[in-house]
Structures are given as structure tokens and as C-alpha cells.
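Contents: one structure, followed by commentary.
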DNA sequence: GAATTAATATCAAGACCTTGATATAACTCA
DNA sequence: TGAGTTATATCAAGGTCTTGATATTAATTC
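Residue numbers (my numbering), protein chains in the order written: chain S, 323 to 463; chain X, 323 to 463.
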């Protein structure tokens with residue numbers, strides 16, 4: 323199988339370009355891509371647990387714990403014990419976190435906008451469909 | 323911009339599925355995806371420098387240096403001074419490295435095969451084209 | 001020939017991700 | 001009620017990647 327036939331390389335290249343662009347865009351706000359993703363998920367689900375947040379961001383709970391530690395140190399999130407589940411920690415955006423997220427999201431959306439504008443609506447649907455079928459194929463043993 | 327409109331998430335999801343599958347496939351050979359990628363590039367360009375290898379794998383020279391350190395410790399590659407350029411280190415696969423790469427590549431190709439088989443030839447071309455246009459759009463400031 | 005520029009290698013610090021292991025709390029069900 | 005399962009949080013180790021900084025060598029330019 324030649325390198326040219328391996329679609330994995332094309333997927334990886336696209337993802338790397340995306341990460342590089344987002345990293346650069348978020349740097350001014352002092353956020354990493356992982357931190358931005360966590361803040362974005364938190365704004366959608368206030369009070370979510372660390373484990374659930376990890377699932378939403380497709381990483382392990384341990385990886386998310388490290389991200390949350392940094393965000394808490396910077397005062398962008400606040401964690402408090404769940405009223406009933408003593409083991410659970412509820413996480414919420416602080417005011418500073420909400421503001422930082424809005425600023426960061428503006429920059430991040432510009433990149434998504436560039437992608438969306440480069441494709442027609444039909445092409446966007448096609449790309450999404452093809453990628454979804456790739457994921458299914460990859461996960462099929 | 324809603325989450326559903328952001329194609330970046332679809333690209334990221336596909337890349338994550340790919341990395342997870344490849345990591346699992348390579349684990350039996352004791353290789354990480356980064357190590358496999360380095361060995362594969364080395365088999366294409368014997369004697370290449372660390373910096374050039376880093377460019378081929380789309381990572382920084384420092385990241386590649388760490389990967390090469392591990393591969394050298396395991397005896398899968400050998401590094402030697404370039405005859406003219408004293409600063410350069412030529413890197414080559416050892417016999418063990420070649421064997422390990424062949425075993426690993428067999429497993430990795432199975433995943434690429436699954437992706438290719440899930441799409442028609444026309445769809446593969448379409449996907450590659452759409453991803454390439456995304457990369458161009460992402461990099462356009 | 002001398003100074004500048006480019007390329008290579010490497011040290012260091014910071015962030016993220018993984019797997020593996022552990023402890024505790026909550027839920028389930030027999 | 002009590003045992004087993006599930007969910008959560010967290011510690012630890014290994015690997016990768018980044019940026020920033022430094023030293024040395026090669027190539028270029030004047």
C-alpha cells in the first residue's frame with residue numbers, strides 16, 4: 323500500500339493544520355486548545371462533573387483533571403462539592419472564565435468560518451458524511 | 323455559530339479515532355504512533371538528518387529528537403556522524419528496526435485498508451480534495 | 001577573508017495525553 | 001442488609017509535543 327493511498331495521512335494533515343491554527347489564535351488569550359474545549363463544554367453544561375466533562379471532550383478523566391487544575395489556578399472556573407454526591411465536584415465557569423471564553427471563541431470561530439466558507443453547503447454535508455463513515459470503518463474490527 | 327456547523331469537530335473526531343486505532347494496533351510491537359511514523363519515514367529516506375525527519379513527520383526537531391532517542395535505545399535505529407557535515411547525524415534503520423517496521427506496518431495497513439474499503443474510489447478522491455481545501459482555508463489568514 | 005545568515009543538534013520548562021492502579025461513594029439487586 | 005457493580009476523583013509513570021534558548025557548523029554574501 324503506497325503512501326498516496328493512505329487516507330489517514332490526509333486526515334492527520336487536516337487535523338494538524340487545524341490544531342496549529344487554533345493554538346495560534348488562542349495564544350493571545352493565554353488558552354490552550356484543550357483549555358478552550360473544556361471551557362466551551364462547561365458553558366454548555368454548567369455544574370458538570372470532571373468525568374463527564376472528560377467524556378464530552380473525548381479525553382480521559384486524568385487528562386481533564388490536569389486541564390481543570392490549570393483553569394482553576396487561573397480563576398477561570400470554580401469547583402464545589404455536589405450537595406448529594408459527596409464524591410462529585412461540580413465545575414462552573416467564573417465570570418472571568420465566561421469573559422475569556424467569549425473572547426477566545428470569537429477567534430476560534432473565525433477559523434471555523436474560513437473552513438465553512440471554503441466549501442458549499444453540499445460539500446460540507448459530503449465531508450461530514452465521508453468522515454463519519456471513516457470513523458465507523460476505523461472502529462470496525 | 324452552533325456546534326453542529328463546526329467542521330473542525332468532525333475532523334478532530336476522525337483523527338482521534340484513527341490515532342486510537344493505530345495506537346492499539348502498534349502496541350503489540352511496542353511502538354507508539356510517533357515512533358512508527360519515524361521508522362516509516364526513515365525506510366523511505368535512509369541517512370536522513372533528525373531535522374529533516376522532523377519536517378517529514380510534521381513535528382519539531384526537539385520532538386523528533388526524543389522519539390529517536392527511544393528508538394536508538396531499543397536498537398531499532400543507528401546514528402552516525404555525516405562524513406562531511408560534522409554537525410549532522412545520519413540516521414538509519416537497523417536490521418531489527420526494519421523487521422519491527424514490517425510487522426508494525428502490516429497492522430497499520432489493515433486500518434488504512436478498512437478506511438479505503440469503506441469508500442468508493444470516487445469518494446476517496448472527493449474526501450482527499452475536500453480535506454486539502456480545508457487545509458488551505460485554515461492556513462489562509 | 002570576514003561577517004552574516006541558515007541549518008543542525010540539544011538543553012530546559014510547560015502542557016497534554018495515555019495506561020495502570022487506588023480509594024471512596026453511590027447504586028443495584030438478591 | 002450486604003455483596004457486587006458502577007462512577008468519581010486522584011496519584012504515578014511514560015511518551016509526545018510545544019516554545020524558548022543556546023552552541024556549533026555550513027553556506028552565503030560582501
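The beta carbon of each residue, even a glycine, is placed where N, CA and C say it ideally should be.
Exercise. With 8 Å as the threshold, decide whether the Cβ of residue 327 (chain S) is near any Cβ in chain X.
Key: Using a Cβ-Cβ cut-off of 8 Å, residue 327 (chain S) counts as an interface residue toward chain X, since at least one Cβ of chain X sits closer than that to its own.
query = Which runs of the alpha helix (DSSP H), 4 residues or longer, sit entirely within the region 326-378 of chain X?
reply = With a minimum length of 4 residues, the continuous alpha helix (DSSP H) runs that stay inside the region 326-378 of chain X are 329-349, 355-366, 372-378.
query = Are the CB atoms of residue 441 (chain S) and residue 416 (chain S) nearer to each other than 8 Å?
reply = Result no, Cβ atoms of residue 441 (chain S) and residue 416 (chain S) do not sit closer than 8 Å.
Exercise for the section: State yes or no: is the C-beta of residue 348 (chain X) within less than 8 Å of the C-beta of residue 418 (chain X)? Expected result: No, Cβ-Cβ distance for residue 348 (chain X) and residue 418 (chain X) is not below 8 Å.
My guess is that residue 436 (chain X) and residue 457 (chain S) are in contact by the Cβ rule of under 8 Å, so how many angstroms apart are they, rounded? 11 Å between Cβ atoms; not a contact.
Identify the contact partners of residue 379 (chain S) in chain X, using a Cβ-Cβ distance below 9 Å as the criterion.
Near residue 379 (chain S) there are no residues of chain X at all, since even the closest Cβ is about 10 Å away, more than 9 Å.
message: Pull the bridge partners of residue 434 (chain X) from the DSSP assignment, please.
response: Beta-bridge pairing links residue 434 (chain X) to no other residue.
Worksheet item: Any beta-carbon of chain S closer than 8 Å to the one on residue 338 (chain X)?
Response: At least one chain S Cβ lies under 8 Å of residue 338 (chain X).
Q.
Taking the alpha carbon of residue 448 (chain S) as the reference point, which residue from X:329, X:414, X:373 has its own alpha carbon closest?
A. Per the Cα distances, X:329.
I'd like the ranges of any beta strand (DSSP E) spanning at least 3 consecutive residues and lying wholly in the region 392-432 of chain S.
Counting only runs that start and end inside the region 392-432 of chain S, the beta strand (DSSP E) elements of at least 3 residues fall at 399-403, 411-415.
Answer yes or no: the CB of residue 334 (chain S) versus the heavy atoms of the ligand MG, is any distance below 7 Å? This structure lacks the ligand MG; in fact it carries no ligand of any kind.
Legend entry - Nearest to residue 386 (chain X) (by Cα), restricted to the options X:403, X:426, X:363: Selected option, being the one with the closest Cα: X:363.
Quick check on this structure: which residue in S:338, S:439, S:404 has the alpha carbon closest to the alpha carbon of residue 372 (chain S)?
Nearest option by C-alpha distance: S:404.
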